[in-house]
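Everything on this sheet refers to the single structure shown next.
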Amino acid sequence: MPFDHNDHYHPLLLRNLPPGGRTALDVGCGTGRFARRLAARGYEVDALDPS
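One rule links them: number in the numbering used here = place in the sequence shown (from 1) + 7.
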């Protein structure tokens, strides 16, 4: 998988998810790596990228 320069933010974002949240919108998701991490935590994720 190609390098994702945002990977280092993922742990921070995952630690700060709002309580009770179950849906997420990942705009500009690139390869979808963060969307997959959210889905693995039980979130229903819609992800889109213009590329």
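All C-beta atoms in this analysis are idealised placements derived from N, C-alpha and C, irrespective of residue type, glycine included.
Since this is a predicted model, take the numbers as computed values, not measurements.
Task: Span separating the alpha-carbon of T30 from that of Y50 - done: The sequence position of residue 30 within the sequence shown is 23, counting from 1. The sequence position of residue 50 within the sequence shown is 43, counting from 1. One C-alpha to the other measures close to 5 Å.
TODO: Give the single residue among G37, A42, D53 and S58 whose Cα lies nearest to the Cα of P18.
DONE: As a first step, residue 18 must be located in the sequence shown, where it is residue number 11. Of the candidates G37, A42, D53 and S58, the one whose C-alpha sits nearest the C-alpha of P18 is A42.
Task: Unbroken stretches of the beta strand (DSSP E), 3 residues or longer, contained in the segment 11 to 40 - done: 30 to 34
TODO: Quick one: using the 10 Å Cβ neighbour count with 16 as the cut-off for buried, is A54 buried or exposed?
DONE: Your numbering for residue 54 matches position 47 in the sequence shown. It counts as buried.
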